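Taking it in order: structure first as structure tokens, then the write-up.
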Amino acid sequence: MTPPALPPIFVLVRPQMGENIGAAARAMLNFGLERMRVVAPRDGWPNPRAVAMASGAGRLLDYAGPFPTIQAAIADCDYVFATTARPRELTKPVMTPERAMAHARALAAEGRQVGFLFGPERAGLENDDIALANAIVTVPVNPDFPSLNLGQCALLLGYEWRRQHDETPPEVLSLARSDLASVVEIEKLGDHFEERLEAAGFFFPDHKAPLMKLNLRNMWSRLGLTRAEVQTFHGMLRQIAFRLKRQDSGD
48 MTPPALPPIF
58 VLVRPQMGEN
68 IGAAARAMLN
78 FGLERMRVVA
88 PRDGWPNPRA
98 VAMASGAGRL
108 LDYAGPFPTI
118 QAAIADCDYV
128 FATTARPREL
138 TKPVMTPERA
148 MAHARALAAE
158 GRQVGFLFGP
168 ERAGLENDDI
178 ALANAIVTVP
188 VNPDFPSLNL
198 GQCALLLGYE
208 WRRQHDETPP
218 EVLSLARSDL
228 ASVVEIEKLG
238 DHFEERLEAA
248 GFFFPDHKAP
258 LMKLNLRNMW
268 SRLGLTRAEV
278 QTFHGMLRQI
288 AFRLKRQDSG
298 D
């Protein structure tokens with residue numbers, strides 16, 4: 048039996064605001080990641096603002112450290128990514144979040160521990176920090192405004208980790224739209240519309256009528272209507288016809 052892939056460790060390096068630490072914890076737990084490590088937080092540890100912001104994800108903070116150095120926080124990691132928005136002089140592979148998480152999953156499947164370094168809010172990771180990593184992760188953001196909040200960055204990478212293993216279909220019908228109309232019901236709706244439009248003189252000139260009717264039939268079949276929606280259209284047509292009949296009779 049294949050052992051489950053080791054989830055990555057998110058290492059927050061010298062974080063400055065407790066609120067951002069808490070936001071990162073919430074973002075991680077949203078996507079099933081629970082291994083956070085905090086290196087030399089500016090405002091000490093534990094941080095009550097981090098706990099408050101983490102809300103239901105507070106248990107991540109209970110085991111987050113603090114660690115005195117990055118080396119101590121990544122001592123058990125086999126491969127480390129450094130997140131940064133700025134170009135660096137260091138020669139390392141530079142990956143998008145999608146590619147980085149695909150590589151992380153491949154390593155984790157081999158039983159290797161992967162870590163991600165996140166820098167302090169004001170200036171990000173320093174070159175000495177990045178030198179400890181095997182590769183760089185850069186989010187393709189607006190070059191005129193590249194800075195990401197710590198919580199946002201954790202959210203992006205956490206989402207990418209889960210997305211690549213999640214089996215949720217990209218599109219489903221909501222429960223309210225699950226009772227789709229049958230082909231026969233759609234056909235009868237088309238008949239009803241043609242009948243009313245024919246009486247109103249809509250299909251004019253005569254030589255264009257076949258194509259107009261074909262386009263309407265195509266539209267009805269393309270809409271993916273529910274039975275309730277089909278009945279609503281029938282009711283609308285009947286009410287319009289009833290009102291017009293009363294007007295014609297002078298009532």
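Our numbering applies: residue 48 is where the sequence shown begins, and numbers increase by one. For each residue, glycine too, the CB sits at the ideal point set by N, CA and C. All of these numbers come straight from a predicted model, not from anything done at the bench.
Under 7 angstroms between C-beta atoms of alanine 228 and leucine 272: yes
What does the alpha-carbon distance come out to for the pair aspartate 176 and alanine 182? 12 angstroms
Reduced DSSP secondary structure (H/G/I, E/B, other) of alanine 132: If DSSP states are grouped into helix, strand and coil, alanine 132 belongs with coil.
Grouping DSSP H, G and I as helix and E and B as strand, with all else coil, what is tyrosine 110? coil
So, for glycine 105: in the same chain, excluding its five sequence neighbours on each side, which residues have a beta-carbon less than 6 angstroms away from its beta-carbon? Val98
If we ignore side chains and look at the alpha-carbon of each, how far apart do phenylalanine 250 and tyrosine 206 end up? 52 angstroms
Among Met148, Asp253, Arg264, the one whose alpha carbon lies nearest that of valine 230: Arg264
For the beta strand (DSSP E) holding methionine 83, just list the boundary residues, first then last. Note, methionine 83: beta strand (DSSP E), 83 to 86.
Could you check which residue in Asn174, Arg89, Arg169, Leu154 has the C-alpha nearest to that of alanine 129? Asn174
Quick one: what does DSSP say phenylalanine 250 is sitting in, helix, strand or coil? Here phenylalanine 250 sits in coil by DSSP.
Report the start-end ranges of each beta strand (DSSP E) in the segment 144 to 227 that is 3 residues or longer and not cut off at the edges. 161 to 165, 182 to 184
Quick one, are the C-beta atoms of tyrosine 126 and valine 85 less than 7 angstroms apart? no
Using the rule of at least 16 other Cβ atoms within 10 Å of the residue's Cβ for burial, across every protein chain shown, is phenylalanine 192 buried or exposed? exposed
Short check: CB of glycine 101 to CB of arginine 133, under 7 angstroms? The question names glycine, but residue 101 is alanine in the sequence shown. Against a cut-off of 7 angstroms, the Cβ pair of arginine 133 and alanine 101 comes out as no contact.
Per DSSP, which residues does threonine 273 bridge with? Please list them. For threonine 273, which the question treats as bridged, DSSP gives the partners Leu227.
Are three or more beta carbon pairs between the segment 109 to 127 and the segment 144 to 160 nearer than 8 angstroms? Between the segment 109 to 127 and the segment 144 to 160 there are three or more inter-stretch CB-CB distances shorter than 8 angstroms, so the stretches are counted as touching.
Drop a sphere of 10 angstroms on the beta-carbon of arginine 61, count the other beta-carbons inside from all chains shown, and report buried for 16 or more, exposed for fewer. buried
Bridge partner(s) assigned by DSSP for leucine 59: Answer is Val85, Phe165, bridged to leucine 59.
DSSP three-state call for methionine 75: helix, strand or coil? helix
Beta-carbon separation of alanine 70 and glycine 198 under 7 angstroms? Taking 7 angstroms as the Cβ cut-off, alanine 70 and glycine 198 qualify as a contacting pair.
Given a cut-off of 7 angstroms, decide if leucine 284 and histidine 239 are closer than it, judged by their beta-carbon atoms. yes
Reduced DSSP secondary structure (H/G/I, E/B, other) of methionine 266: helix
Helix, strand or coil, according to DSSP, for methionine 100 in the structure here? helix
Euclidean distance between Cα positions of aspartate 213 and phenylalanine 78: 10 angstroms
Does the separation of the CB atoms of phenylalanine 280 and leucine 236 fall below 7 angstroms? yes
In the DSSP assignment, the alpha helix (DSSP H) including isoleucine 117 goes from what residue to what residue? Its alpha helix (DSSP H) spans residues 117 to 120.
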